[in-house]
Each structure stands twice: as structure tokens, then as C-alpha cells.
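Under the UniProt record's numbering, the first residue of the sequence shown carries the number 1, and numbering increases by one thereafter. Note that the Cβ used here is the ideal one computed from N, Cα and C, for glycine as well. Note that the structure is a prediction, hence the values are computed from the model and not measured. Working notes, structure below.
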Amino acid sequence: MYRGDNSKPVTQQQPPISNDLRGGSWDSPIWTPPHYLRAQKNAAGPFNPFKPSESEERASVARFGPRGNCGVVTRAPRQEDNSGITAASWKIVHGAAALKPPPSANLQVQTTERRPADRRSSDHLVALREDSEMELIGSTLTATYARPKTSHFLPAISTMASSYRNTHPAVNPAANLWRTNSYYKSGGAVPTSASMQRDNLDLVRAHTMFYPSNRTAMSTRYTPDDWHKSNQSNYWESESSRKSAERLRRDTIRLMQDKEQLTRRSQETSSKNIGERLNDIVFWRSELTHEIDNMVTEIASLNEVKRRLERALAETTGPLQVSQECLYHREKRMSIDLVHDDVEKDLIKEVEAIKSCQERMRRHLDRAVAQLASNRAAQHELERDMSDKVSAQRIDDRCHHLRNTSDGIGYYRGVERLDPSLSLPNSWSKFSDDNILLSQSERAASHKLRDEIEILLNSTSNEMWNQFSNVNVAFTNRISETADAKNSLQTHLAKTLQEIFQTEMLIESLKKALRDKECPLKVAQTRLEERTRRPNIELCRDNPHHRLVGEVREIEDTIHKLRERLMEAENTLQMLLKTKVTLEHDLSIKANSLFLDQEKCMSMRKSFPSMPRLVGYT
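Written out as C-alpha cells, the structure reads:
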């Protein structure tokens with residue numbers, strides 16, 4: 001490198017380049033600028049007017065430095081005569097392929113003297129001139145840190161036939177084939193080349209040129225085809241990327257549109273479902289409202305009948321008391337007149353009729369009270385269902401009117417994973433339907449009970465009034481019937497005593513039957529209690545469990561029925577005992593019977609409730 005036009009070249013010490021720059025050793029092929037590789041043709045060859053002369057080439061190298069693309073040169077041992085070299089002693093690796101010199105190329109060696117000041121530089125530098133058919137690739141890229149260039153060529157070296165070895169670079173399929181640096185490490189990649197470089201120790205070693213900028217420039221040189229291929233590859237990659245991006249954009253836009261339509265349809269479907277749900281709620285609300293109105297009317301009607309029944313029951317207290325007083329007075333009869341006559345019979349019948357009517361009235365009154373409770377319970381269920389439906393309708397109506405622009409909407413994370421529902425559409429409608437059916441059945445039972453109460457009031461009033469008339473007729477014929485009354489009284493007394501005995505025996509049998517049912521009930525309940533201690537999955541509701549539950553219920557039902565019969569038997573016994581006392585008392589007051597029948601009894605029987613009062617009207 002020159003520092004001026006008139007100054008002579010200055011040699012600068014350059015550190016050697018590391019062997020691992022290209023993966024080879026000092027015996028590996030070196031990289032040489034292409035204008036050193038240009039060779040002159042033989043003197044016998046044709047004249048080339050475009051070929052520079054030797055002096056022009058030397059001046060160009062000294063002035064401008066190395067230029068052009070790179071080649072790999074392997075040189076043979078140096079000869080003393082420096083006369084020239086043959087084409088067979090060189091191997092040129094140009095770009096991406098190892099090219100041998102063409103047969104028509106004549107090579108001439110130009111040398112320069114070795115400078116003693118630079119011991120680490122190459123002893124020889126071979127400059128080859130390509131023929132006119134070979135193309136100079138690339139342009140010179142020099143770095144600012146390049147060392148000064150020498151003004152002389154290396155001395156000539158001779159070649160030998162053994163230098164032509166297989167030095168073709170190995171092609172890596174995974175590498176980019178259009179890059180020239182994919183073919184540089186031929187010595188380490190091809191065993192033939194590596195062994196040739198190590199075995200032929202008699203060859204003169206070619207040292208690497210101390211031009212880092214030139215090595216960098218040579219490693220980045222490509223052919224025009226590589227340039228076009230790189231551009232085409234970039235175009236293809238760009239077009240592929242654009243197409244991929246465009247396809248992604250189209251697919252994404254289509255996806256967004258589809259999802260938007262799906263979301264809108266889903267929201268419309270949800271709104272439609274909520275609207276249908278509102279229609280269902282309105283329908284069931286109307287049904288519930290109608291049923292509640294009917295139930296309220298029925299409860300009012302039953303209450304009215306119940307009040308009439310209570311008044312009718314209260315009206316029976318006076319006639320019963322009169323009949324009982326007559327019986328009590330007639331028991332004061334003494335001696336032979338103490339007989340059980342028709343008057344006594346009619347009085348007893350009257351008492352029994354009144355008591356029977358009272359019992360039936362009380363029973364129907366209890367049924368009315370229970371029916372009212374059932375009606376109110378059904379009404380309560382209807383009203384609670386109605387209240388729930390009103391709340392649900394208000395909520396669903398608010399949800400039905402919610403839009404994307406509505407106020408009060410927000411995120412509720414995980415709410416779709418919750419399932420607080422207690423019913424399904426079928427069970428939901430069935431719940432209201434069951435409530436309505438229950439209410440209808442209760443209304444039907446209530447209506448039937450009202451009819452029964454009406455019939456009862458009419459029948460009891462007629463029965464008591466007829467019995468009252470019969471007693472009065474009996475009192476009129478009391479004297480003539482005194483004897484017959486006594487016999488009848490004796491007969492009734494005997495029958496009463498027999499019935500009392502049988503009733504007592506029946507009561508004892510019922511008590512024994514109740515005691516006998518205690519142990520089976522204990523066994524069944526003990527079995528059920530023991531089976532509740534079964535662990536984990538063994539606590540199964542199996543057939544034995546159902547059978548035990550049924551057994552307990554059957555025994556309890558049996559006990560309940562037996563207790564009812566026992567109560568009825570005790571009531572009957574009490575009634576029979578009372579009749580017995582009455583008959584015995586009538587027999588004891590036979591003597592005073594006429595006074596009692598005429599003065600006491602008939603005076604009390606002058607007043608009796610009218611028919612409207614007996615049926616509950618005021």
C-alpha cells in the first residue's frame with residue numbers, strides 16, 4: 001500500500017490469520033484475489049487485445065491492491081528456474097464449484113522477490129491470468145485496516161501432476177447452495193483433500209495472505225445467478241408472506257364476521273327463549289290467578305257452611321237438654337209405675353238422635369276445619385307459586401329487555417359454570433300444574449263436603465223434629481201404656497246390660513290386640529334403626545328397607561285403627577252405661593211417673609227450635 005504517489009512501499013508487520021477462519025490448517029488451500037489468478041496465454045495462443053501487459057498488471061496491483069472474487073489455489077514445490085508453470089499443477093475453486101483450468105488456457109507465472117523484512121508473509125505468490133472465456137466476478141472491497149500492499153509478485157513456482165487431487169468441496173444439503181461460502185471448507189469436509197494436504201509434505205505450503213479485508217470481501221462474493229436467485233427467493237418469500245398474511249387477514253375477518261353473526265344469533269335465540277319463557281310464566285300466572293280466585297270463593301262458601309253447622313250444633317243443645325230432663329224426671333217414678341214405656345223409649349230415642357246428630361255435626365265440623373286448613377294450604381302454595389312467578393317474570397322481563405347498550409350489565413366470572421337451578425322445564429310446569437290440580441282436588445273435596453253438610457243439616461233437623469213429635473205423642477198415651485212401658489223398660493235394660501258386657505269384652509280384646517302390636521312394631525323399628533348404621537355405600541335403600549318401612553307403616557296404621565275402634569267402643573260403653581242408669585232410674589220412679597210426665601216433662605216440651613234454626617239459619 002502506498003502512502004503517496006512518490007513514496008516507496010512500506011512493509012507493515014501483519015499478524016497471521018487464525019487457522020480456524022475457514023476451518024483449515026496452514027496446509028489448507030489459500031484464498032487469493034482473482035487478479036492474481038489471471039494468467040497469460042501461451043505464446044502460441046491467439047492474440048488477445050484486451051489482455052493487459054505484465055508491467056500494467058504489476059502497476060495495477062501495486063497501486064490499487066487486490067480485487068475481484070476469490071479462488072482457491074494449491075501450489076506445487078518451488079523451482080529454481082522460475083521459467084513457468086503448467087495448467088495441470090493448479091486447481092481453481094471458483095465460487096460455488098471447483099473448476100479446473102480449461103485446456104485452452106496457458107498459464108504464465110510472474111514472481112516478485114521475497115522481502116526479508118516480512119518473515120511471516122508468503123514466500124511465493126502465484127498470479128494466474130484467466131483466459132478470455134473466464135469471467136471476473138465481483139468487485140474489490142478493501143477495509144481500512146488492510147496492511148500495505150507489496151509492489152512485487154512472488155517468485156515463480158513449478159507444478160507437478162500429483163498436485164491434481166480430488167479437492168471438490170462437499171456439498172451440504174442443508175446449506176444454502178447459492179452462497180459461495182458453503183464450499184470453502186473443502187479441506188476439512190473432503191477426506192481426500194485433507195489427506196492430500198497432510199501427506200504431500202514435499203509440496204510448498206501456501207500460506208494465507210495477510211489481508212483480512214480481502215478475506216472478508218472474498219467470502220461475501222456471489223455470482224449474478226446467485227444475486228438473481230436471492231432476489232427471486234426474497235420475492236417468493238415476500239409474496240408467500242403477503243399471501244399468508246392476506247389469507248390470515250381474510251380468514252380472521254371471516255372468523256370475526258362468523259363469530260359476530262353467531263353471537264348475534266345466540267343473543268337473539270336467548271332473547272327469544274326468554275320471551276317464550278315469559279309467555280309460559282304469564283300463562284301459568286293466569287291459571288294460578290284463576291285457581292286462587294276459585295279457591296278463595298270456595299273457602300268463603302265453606303266458611304259460611306261451617307258457621308251454619310256450628311249454629312245448628314248449638315241449637316241442638318236445648319232439645320237434648322229437654323229430653324234428658326224428661327228422662328231424669330221420669331226416673332223418679334216409683335213402684336209399679338216405674339216402667340220403661342213408650343215415652344221413655346221416645347225420650348231415649350230423642351236423646352240418641354240428638355246425640356247422633358251432634359256427633360255427625362261435630363264430625364263434619366272437624367272435617368270442615370280440616371278441609372279449610374287444606375284449602376288454605378293449597379291457597380298458600382298457589383300464592384307462593386304466584387309470588388315466585390311474579391318475581392321470575394320481573395327478572396326475566398328485565399333480562400329480556402337487556403341489550404348490549406343497557407346499563408347494569410357486567411362480567412360475572414364463572415356464572416355459566418354454576419347450576420343453582422332446582423327444576424327443569426317439565427318439572428317447572430309440572431310443579432304449577434300439580435299445585436293447580438291439588439287446589440282443584442281440594443276444591444272438589446270442599447264442595448262435596450259442603451253438599452254433605454247441607455244434607456246433614458236437613459236430615460238432622462227433620463230427624464230431631466220428628467223425634468220431638470213422637471215423644472209428645474208417647475207422653476199423651478203414657479197411662480195406658482204404663483204396663484207395656486215397664487216391660488219394655490225391663491227388656492231394654494237387659495239388652496243394655498248384655499251390650500255393655502260385650503262392649504267391655506271387645507274393649508279388652510282391643511287392648512290386648514294393641515299390646516300384641518307393640519313388639520312387632522319395636523322389631524321393625526329396631527331393624528330399621530340398626531340398618532341405618534351400615535357404612536358408606538352399603539347404606540342402600542334396598543327391598544328389605546322398603547319392606548321394613550311398609551311393615552312399620554302397616555303396624556302403625558293397624559294400631560291407629562285399633563285405637564279408633566277402642567275409642568268408639570269406650571264411647572259406646574259410656575253411652576250404654578248411661579242408658580242403663582237411665583232405665584234403672586226410670587224403674588225406680590215408676591210411682592211418680594204420672595206427675596213427672598204430666599207436670600214436669602210436658603211443661604218443658606212446650607218449646608222446641610224451629611226448622612230454620614235447626615238448619616243453621618238465624
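Are residue i and residue j closer than 7 Å when you measure CB to CB?
i, j, result
"S593", "R330", "yes"
"K517", "I559", "yes"
"A445", "L506", "no"
"T572", "T503", "yes"
"N435", "D385", "yes"
"S461", "L382", "no"
"K389", "I281", "yes"
"A378", "E298", "no"
"L493", "L583", "yes"
"T614", "L566", "It should be pointed out that residue 614 corresponds to Leu in this sequence rather than to Thr. No."
"N471", "D346", "Position check: residue 471 holds Val in this sequence, whereas Asn was assumed. Yes; because the gap between Cβ atoms is below 7 Å, this pair is in contact."
"V296", "R450", "no"
"M361", "L313", "yes"
"I500", "L587", "no"
"H401", "G275", "no"
"L548", "L528", "yes"
Taking all protein chains shown into account, decide if residue i is buried (16 or more other Cβ within 10 angstroms of its Cβ) or exposed.
i, result
"V322", "buried"
"Y411", "exposed"
"I354", "buried"
"C540", "exposed"
"A474", "buried"
"K259", "exposed"
"R265", "exposed"
"N231", "exposed"
"S240", "exposed"
"M256", "exposed"
"V72", "Below a pLDDT of 50, predicted positions are generally treated as unreliable, and V72, at 40, falls in that range; no measurement from the model is reported."
"S375", "Checking the displayed sequence, the identity of residue 375 turns out to be Asn instead of Ser. Label assigned to N375: buried."
"P609", "buried"
"Q467", "buried"
"I409", "exposed"
"P33", "Reliability fails at P33, whose pLDDT of 46 lies under 50, so the model's placement of it is uncertain and the value that follows must be treated cautiously. With 16 or more Cβ atoms within 10 Å of its Cβ, P33 is classed as buried."
"residue 634", "No statement about residue 634 is possible, as the shown extent of the chain runs from 1 to 618 and does not include it."
"D597", "buried"
"T532", "exposed"
"T269", "exposed"
"C519", "exposed"
"V351", "buried"
By DSSP, does residue i sit in helix, in strand, or in coil?
i, result
"C357", "helix"
"T572", "helix"
"P535", "coil"
"M602", "helix"
"L402", "coil"
"T223", "coil"
"P544", "helix"
"K389", "helix"
"D407", "coil"
"K272", "helix"
"F501", "helix"
"P520", "helix"
"Y617", "coil"
"F595", "helix"
"S233", "helix"
"F608", "coil"
How many whole angstroms separate the CB atoms of residue i and residue j, which I take to be in contact at a CB cut-off of 8 Å?
i, j, result
"V552", "A524", "5 Å"
"L489", "H585", "With 8 Å as the limit, L489 and H585 do not qualify as a contact, their Cβ atoms being about 10 Å apart."
"R478", "V343", "5 Å"
"L302", "Q393", "About 31 Å separates the two Cβ atoms, so there is no contact after all."
"S423", "F431", "7 Å"
"residue 622", "C357", "The structure shown does not extend to residue 622, since the chain is modelled only from 1 to 618, so the question has no answer here."
"L457", "R308", "7 Å"
"E315", "L365", "Contact flag wrong, Cβ pair sits at about 14 Å."
Can residue i be considered in contact with the ligand COA, in the sense that its beta carbon sits closer than 6 Å to one or more heavy atoms?
i, result
"A377", "For the structure depicted, the ligand COA is absent and the ligand set is empty, with no information on it obtainable."
For chain D, find out if any of its Cβ atoms is closer than 7 Å to the Cβ of residue i; answer yes or no.
i, result
"R242", "The structure shown has no chain D; it contains just one protein chain."
Starting from the N-terminal side, write out each stretch of the alpha helix (DSSP H) that is 4 residues or longer and does not extend beyond the region 313-345.
317-330
Mind listing, in chain order, the continuous alpha helix (DSSP H) runs of no fewer than 4 residues lying wholly within the region 409-481?
425-476
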